Amino acid sequence: EAGVTQFPSHSVIEKGQTVTLRCDPISGHDNLYWYRRVMGKEIKFLLHFVKESKQDESGMPNNRFLAERTGGTYSTLKVQPAELEDSGVYFCASSLVGGGTDTQYFGPGTRLTVL
Amino acid sequence: DQQVKQNSPSLSVQEGRISILNCDYTNSMFDYFLWYKKYPAEGPTFLISISSIKDKNEDGRFTVFLNKSAKHLSLHIVPSQPGDSAVYFCAAALYDKVIFGPGTSLSVIP
């Protein structure tokens, strides 16, 4: 069974540009999460989808970030316009049931560098 | 305001010895705790977890201890192996949200 996949693995853009990250969860997993790790610090929660609905988006830093999950399958995270502080590794995770006790399976991450 | 803390950014241990990774948390409402392991260029993978109603959970070479009164948990790896070298994240769950610590980089020296 395929794991969580993320595309691209790396992205280097200039400040002010737009970048779209994609996550494909494990098939059948209704719960999809986005996280971000900045400068080797903690992995911070961004948002949680249950199917196509946003269950919790309290971690989204500001309105430059837009996450979608049309059809409840893959998800995209768009940053527009990108700022220097958006640099970091963006992880996507998925889980079957949801809730804090359910194991989340992480993708390899997308490393975003904003110059 | 960091709710989950891992105060040791790195740890080196000889192969065959015990590795002890520590984690402190501030929110007494957390009801489930997890450890994830991360290799370079990969996403974190689940390692072991413990419910707040327990004080110990063991899985092979890995044991997690929870001290609720001290708001402290630790991960013990015995015996440590070179393949255990990775970054270990402590995480705490509250309802649907999982909050991660900053990680501890473990190096197991052959």
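Protein sequence lines, in the order shown, are assigned to chains A and B.
Position 45 of the first sequence, counting from 1, maps to 38 under our numbering, and the rest follow consecutively.
Our numbering runs 1 ahead of the 1-based position in the second sequence.
From the three backbone atoms N, C-alpha and C, an ideal C-beta is built for every residue, glycine too.
Small disclaimer: the values here were computed from a predicted structure and weren't measured.
Report the three-state DSSP secondary structure of residue i (helix, strand or coil).
i                  : result
Thr103 of chain A  : strand
Glu78 of chain A   : helix
Asp23 of chain A   : coil
Asp85 of chain B   : helix
Leu108 of chain A  : coil
Ser87 of chain A   : strand
Gln(-1) of chain A : strand
Lys44 of chain A   : coil
So residue i is in the beta strand (DSSP E); what residue range does that whole segment cover?
i                 : result
Ser11 of chain B  : Ser11 to Gln15
Asn23 of chain B  : Ser20 to Tyr26
Thr13 of chain A  : Val12 to Asp17
Thr94 of chain A  : Run containing Thr94 of chain A: none; DSSP gives neither H nor E here.
Lys98 of chain B  : Lys98 to Phe101
Val109 of chain B : Thr105 to Ile110
Just confirm the distance between the C-beta atoms of residue i and residue j, as a whole number of angstroms; I'd bet it's less than 8 Å.
i                : j                 : result
Val35 of chain A : Gly102 of chain B : For the record, residue 35 of chain A in the displayed sequence is Glu; it is not Val. 6 Å between Cβ atoms; contact.
Gly49 of chain A : Lys98 of chain B  : Note that residue 49 of chain A is Asp in the sequence shown, not Gly. With 8 Å as the limit, Asp49 of chain A and Lys98 of chain B qualify as a contact, their Cβ atoms being about 7 Å apart.
Pro74 of chain A : Gly9 of chain A   : 5 Å
Is there a Cβ of chain C sitting closer than 8 Å to that of residue i, yes or no?
i                : result
Tyr33 of chain B : Reference to chain C is not applicable here, since the protein chains of this structure are A and B.
Quiz item: Whole beta strand (DSSP E) runs in the stretch 46 to 73 of chain A with 3 or more residues, listed along the chain?
Solution: 46 to 49, 58 to 61 and 68 to 72, all fully within the stretch 46 to 73 of chain A.
Exercise. Select from the stretch 51 to 69 of chain B all residues with a C-beta closer than 8 Å to any C-beta belonging to chain A, and list them in chain order.
Key: Close to chain A, meaning a Cβ-Cβ distance shorter than 8 Å, are the following residues of the stretch 51 to 69 of chain B: Ser52.
Self-check item: 3 or more residues per run - each beta strand (DSSP E) lying fully within the stretch 30 to 74 of chain B
Solution: Fully contained in the stretch 30 to 74 of chain B are the following beta strand (DSSP E) runs of length 3 or more, in chain order: 33 to 39, 46 to 52, 57 to 60 and 63 to 68.
Quiz item: Which residues, in order along the stretch 27 to 44 of chain A, keep a beta-carbon less than 8 Å from a beta-carbon of chain B?
Solution: Interface annotation for the stretch 27 to 44 of chain A against chain B: Tyr28, Gly33, Lys34, Glu35, Ile36, Lys37, Phe38 and His41, criterion Cβ-Cβ distance under 8 Å.
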